[in-house]
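Peer 1: Here you go, one structure.
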Amino acid sequence: MNLNSPALLEDNLIWQAKTAGKRMVFYGDDTWVRLFPKHFMEHDGTTSFFVSDYTEVDNNVTRHLDSTLKRDDWDILILHYLGLDHIGHISGPHSSLIQPKLMEMDDILKKIHSALISKVISCFPKPGVANTRVARGACSKNSSPSKSKM
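Those letters in the sequence shown? Residues 1 to 150, per full-length UniProt numbering, in order.
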């Protein structure tokens, strides 16, 4: 992570969405807010520099979820959860902390899916964990992340 991340000036999906008039909401790692300072109609970034913390950023994202899912004033919702990644860096993919965090993420994905059943949902797990159970279960219990239809 680069704590001095400047605004991203190259063409990217966020810029394309903003140019197309899409209303975007973001919660999670505050690097996004520095990279895209004028792109989100609403955001709440949390410093994620402390890798040993695997709850604060996730809790900050989740605390907005219920109220945001009930609204219809946004087109794109970006949620950057970091807890699972931080646990992997601290303890590895076989840590006893993984299962409870996966269950938490499952509940969150179920909540999102239920609220947005008629919408398009995309889930992007962190690269580099493709051969672990974490990646295989991240988007769908029936497909790998690269083939997910969610």
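Glycine included, each C-beta is placed from N, C-alpha and C at the ideal position.
Apart from the five residues just before and just after residue 80, which ones in its own chain have a Cβ nearer than 6 Å to its Cβ?
Peer 2: Here the set comprises 28, 29.
Peer 1: Just list the alpha helix (DSSP H) runs in the stretch 62-99, keeping only unbroken ones of 4 residues or longer that don't cross its boundaries, in chain order.
Peer 2: Counting only runs of 4 or more, we get 83-91.
Peer 1: What number of angstroms, rounded off, separates the C-alpha of residue 103 from the C-alpha of residue 47?
Peer 2: Roughly 24 Å separates the two Cα atoms.
Peer 1: Kindly confirm or deny that the stretch 60-75 and the stretch 90-98 touch, where touching means at least three C-beta pairs closer than 8 Å.
Peer 2: Touching, no, given that fewer than three Cβ pairs across the two stretches are closer than 8 Å.
Peer 1: I'd like the list of long-range same chain contacts for residue 17, defined as Cβ closer than 7 Å, with 5 residues on each side in sequence excluded.
Peer 2: Same-chain partners within the cutoff: 24, 76.
Peer 1: Strictly by DSSP, which residues pair up with residue 27?
Peer 2: DSSP output for residue 27 lists 44, 79 as bridge partner(s).
Peer 1: So, is residue 117 buried or exposed, given that buried needs 16 or more other C-beta atoms within 10 angstroms?
Peer 2: With fewer than 16 other Cβ atoms within 10 Å, it is exposed.
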